[in-house]
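Below is one structure, written out as structure tokens; comments come after it.
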Amino acid sequence: DTGVSQDPRHKITKRGQNVTFRCDPISEHNRLYWYRQTLGQGPEFLTYFQNEAQLEKSRLLSDRFSAERPKGSFSTLEIQRTEQGDSAMYLCASSESSYEQYFGPGTRLTVT
Amino acid sequence: GENVEQHPSTLSVQEGDSAVIKCTYSDSASNYFPWYKQELGKGPQLIIDIRSNVGEKKDQRIAVTLNKTAKHFSLHITETQPEDSAVYFCAVYSNYQLIWGAGTKLIIKP
Chain A
1 DTGVSQDPRH KITKRGQNVT FRCDPISEHN RLYWYRQTLG QGPEFLTYFQ
51 NEAQLEKSRL LSDRFSAERP KGSFSTLEIQ RTEQGDSAMY LCASSESSYE
101 QYFGPGTRLT VT
Chain B
1001 GENVEQHPST LSVQEGDSAV IKCTYSDSAS NYFPWYKQEL GKGPQLIIDI
1051 RSNVGEKKDQ RIAVTLNKTA KHFSLHITET QPEDSAVYFC AVYSNYQLIW
1101 GAGTKLIIKP
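For the record, the sequence lines run as chains A and B.
Our numbering puts the first residue of the first sequence at 1, with every later residue one more than the last.
Our numbering puts the first residue of the second sequence at 1001, with every later residue one more than the last.
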């Protein structure tokens, strides 16, 4: 299966710690997106890359969040000084065209 | 910015019956409308989509209709089966991102 993969699938961390998530997109896709989803809600856009360039960031992405996509391949999303409000599912999606986005299984973050 | 509303929040149908979920949007310039199915603990799965130059699209038991004038689109599932039980989300493409509805929990009763 060559779909979008995310690692880890689950992460439990203490408040104040830093965490990093990884996303590997479908190989020929040049666009990569990060979304956050809380229980009972639809996903919310966080940021978007075209190749290695980060082209769009949501106001939800505070200065504690940073995302990178070196060499336009995999991407990482880091959250510094985690807060309980950061607990959510973090979803990665990739796209070859402007429209169809294919999602990975997500990383569920729990901040205690 | 774009705003998407989805109804109903929960839909319970008898196995074999049809299910219809509706979404409305606010930006008349929007031109791409996907539907996703999300099972518990998994990421959203793209099941069907429609572009603004088309009024209806069908894929086996699933169809989507779009009314651009009224700014609403609907998901139709016929001959529902137990494996159709999931949360369904509509979305609208706007400025590089998808804007999502709040989701519909579809329950298929045996």
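Glycine residues also receive a C-beta, built at the ideal position from the N, C-alpha and C atoms.
Original post:
What do you reckon, are the CB atoms on A/E44 and A/L55 nearer than 8 Å?
Top reply: The count along the first sequence starts at 1 and reaches residue 44 of chain A at position 44. The count along the first sequence starts at 1 and reaches residue 55 of chain A at position 55. No.
Original post:
Can you list the residues of chain B that A/Q41 reaches, using a CB-CB cut of under 7 Å?
Top reply: Residue mapping note: residue 41 of chain A aligns to position 41 of the first sequence, counting from 1. A1102, listed in chain order.
**OP:** Can you grab the Cα-Cα spacing for the pair B/P1008 / A/K71, in whole Å?
**Re:** Locating residue 1008 of chain B in the second sequence gives position 8, counting from the first residue. Locating residue 71 of chain A in the first sequence gives position 71, counting from the first residue. C-alpha of B/P1008 to C-alpha of A/K71: approximately 43 Å in a straight line.
Original post:
Going by alpha carbons, who is nearest to B/D1059 out of B/V1013, B/G1103, B/L1046, B/D1027?
Top reply: Translated into the one-based positions of the second sequence, residue 1059 of chain B becomes position 59. Out of B/V1013, B/G1103, B/L1046, B/D1027, B/L1046 has the C-alpha closest to the C-alpha of B/D1059.
Original post:
By the 10 Å Cβ neighbour count, where 16 or more other Cβ atoms means buried, how is A/G106 classified, buried or exposed?
Top reply: Reading the first sequence from its first residue, position 106 is the one you call residue 106 of chain A. Buried is the call here.
**OP:** Please check if any C-beta of chain A sits within less than 8 Å of the C-beta of B/Y1032.
**Re:** Your numbering for residue 1032 of chain B matches position 32 in the second sequence. Yes, B/Y1032 lies at the interface with chain A (some Cβ there is under 8 Å from its Cβ).
**OP:** Starting from the beta carbon of A/E100, find every residue of chain B whose beta carbon is closer than 9 Å, and list them in chain order.
**Re:** As a working mapping, residue 100 of chain A is identified with position 100 in the first sequence. Neighbourhood of A/E100 in chain B, by CB distance below 9 Å: Y1032, P1034, L1046, D1049, in chain order.
Original post:
Under a three-way DSSP split, which group does A/Q84 fall into?
Top reply: Within the first sequence, numbered from 1, the residue matching residue 84 of chain A stands at position 84. Here A/Q84 sits in helix by DSSP.
Original post:
When the Cβ atoms of the stretch 83–91 of chain A are set against those of the stretch 1028–1038 of chain B, are three or more pairs found closer than 8 Å?
Top reply: Contact fails: fewer than three Cβ-Cβ distances are below 8 Å.
Original post:
Using 8 Å as the Cβ pair cut-off and three pairs as the minimum, do the stretch 1084–1101 of chain B and the stretch 1018–1025 of chain B touch?
Top reply: As far as the Cβ criterion goes, the stretch 1084–1101 of chain B touches the stretch 1018–1025 of chain B, which means the pair count is three or higher.
**OP:** Identify which residue in B/Q1006, B/G1016, B/S1052 has its Cα closest to the Cα of B/F1089.
**Re:** Along the second sequence, read from residue 1 onward, the residue named residue 1089 of chain B stands at position 89. It is B/Q1006.
Original post:
Excluding the five sequence neighbours on either side, which residues of its own chain have a C-beta within less than 6 Å of the C-beta of A/F65, listed in chain order?
Top reply: Position 65 of the first sequence, counted from the first residue, corresponds to residue 65 of chain A. Counting only Cβ-Cβ distances below 6 Å, and skipping sequence neighbours, we find I79.
Subject >> Straight-line Cα distance separating B/T1065 from B/A1086 >> reply: For the purposes of this step, residue 1086 of chain B is taken as the residue at position 86 of the second sequence. For the purposes of this step, residue 1065 of chain B is taken as the residue at position 65 of the second sequence. Their backbone Cα atoms lie some 20 Å apart in a straight line.
Original post:
Does B/L1098 get closer than 8 Å to chain A when you measure Cβ to Cβ?
Top reply: As a working note, residue 1098 of chain B is residue 98 in the second sequence. True, the Cβ-Cβ gap to chain A drops below 8 Å.
**OP:** Name the residue from A/Y102, A/D63, A/S94 whose alpha carbon lies nearest to the alpha carbon of A/N51.
**Re:** Locating residue 51 of chain A in the first sequence gives position 51, where the first residue counts as 1. It is A/S94 whose Cα lies nearest to the Cα of A/N51.
Original post:
Mind checking if B/S1043 is an interface residue toward chain A, Cβ cutoff 8 Å exclusive?
Top reply: If you number the second sequence from 1, residue 1043 of chain B lands on position 43. It is Gly, not Ser, that sits at residue 1043 of chain B in the sequence shown. Chain A contact via Cβ: present.
Subject >> Range covered by the beta strand (DSSP E) that runs through A/Q111 >> reply: By one-based count along the first sequence, residue 111 of chain A stands at place 111. It should be noted that the sequence gives Val, not Gln, for residue 111 of chain A. Per DSSP, A/V111 belongs to the beta strand (DSSP E) from 107–111.
Original post:
Are A/G42 and B/G1001 close, meaning C-beta to C-beta below 8 Å?
Top reply: Locating residue 42 of chain A in the first sequence gives position 42, where the first residue counts as 1. Locating residue 1001 of chain B in the second sequence gives position 1, where the first residue counts as 1. By the CB criterion at 8 Å, A/G42 and B/G1001 fall outside the cutoff.
Subject >> Span separating the alpha-carbon of B/S1094 from that of B/S1052 >> reply: Here residue 1094 of chain B corresponds to residue number 94 of the second sequence, with the count starting at 1. Here residue 1052 of chain B corresponds to residue number 52 of the second sequence, with the count starting at 1. Straight-line Cα distance between these residues: approximately 13 Å.
Original post:
Given B/P1082, which residues of its chain have a CB within under 6 Å of its CB, disregarding the five upstream and five downstream residues?
Top reply: Taking the first residue of the second sequence as position 1, residue 1082 of chain B is located at position 82. Its chain contains I1108 as the residues whose beta carbon lies nearer than 6 Å to that of B/P1082, once the 5 sequence neighbours on both sides are disregarded; these appear in chain order.
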